[in-house]
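Take a look at the structure below.
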Amino acid sequence: MYKNVDPKANFPQQEEETVGFWEKNDIFKKSVSRREGSPEFVFYDGPPFATGLPHFGHFVPGTIKDIIPRYKTMRGFHVDRRFGWDCHGLPVENLIEKKLGLNSKTDIEKYGVAEFNEACRASVLRYVNEWRTIVTRLGR
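FYI, the numbering for the sequence shown is 23 to 162, going by the numbering used here.
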């Protein structure tokens, strides 16, 4: 009646199979598209701490944030999830100031505000693929 379960679970393999099934069958997109035409709810997924690679400490806040759009979906809303990036938060700016050897507002102005902003943006966006991988693996 039930499929035999291997007593020696291979969790990495199970994860790969599950994520592969989700991707092959567009499970997440299907869950969203089933609600097309329903009242809209937009969820802005606040920016992760984007000055480094994602790690285990990001899972709890991400899971807590994920509760809201899932709840709204279950309540019949068509939920549009928008993932944001904080390209100009203090951690990013401090990282770039240190990297470029800038010590004051005057230094930034001499360097060029537009160039400084682009350096901040590039610093954050270099981790986009890693974040997308983690978010997908979490079923978000």
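For each residue, glycine too, the CB sits at the ideal point set by N, CA and C.
As the structure is a prediction and not an experimental result, all values here were calculated from the model.
If we call anything under 7 Å between Cβ atoms a contact, is residue i one with residue j?
i: V114; j: C142; result: yes
i: F65; j: P83; result: no
i: L75; j: E152; result: yes
i: V41; j: R159; result: yes
i: F63; j: K87; result: no
i: F99; j: D67; result: no
What span of residues does the beta strand (DSSP E) with residue i cover, start to end?
i: Y66; result: E62 to D67
For residue i, report the span of its alpha helix (DSSP H) as first-last.
i: R143; result: V135 to L147
i: K30; result: Neither: K30 is in no alpha helix (DSSP H) and is coded neither H nor E.
i: N116; result: L112 to L122
i: N47; result: Unbroken run through N47: none, as it is neither H nor E.
i: N151; result: V150 to R159
Just the Cα atoms here: how many angstroms apart are residue i and residue j?
i: I130; j: S55; result: 46 Å
i: P61; j: E38; result: 34 Å
i: K51; j: T128; result: 48 Å
i: Y24; j: F138; result: 60 Å
i: N19; j: G161; result: For residue 19 there is no data in the structure shown, the boundaries of the chain being 23 and 162.
i: I118; j: F78; result: 25 Å
i: G59; j: I89; result: 22 Å
i: R103; j: F33; result: 28 Å
Using a threshold of 6 Å, is the CB atom of residue i nearer than that to any non-hydrogen atom of the ligand ZN?
i: K51; result: Of ligands this structure carries none, so the ligand ZN is not represented either.
Which one or two residues does DSSP pair with residue i in a beta bridge?
i: R56; result: Answer is none; R56 lacks a bridge partner.
i: H100; result: E62
i: F105; result: D67
Alpha carbons only, please: which of the options is nearest the one belonging to residue i?
i: L112; options: E58, V146, T85 and H80; result: V146
i: M96; options: S53, N32 and H80; result: S53
i: R148; options: P29, E45 and W107; result: W107
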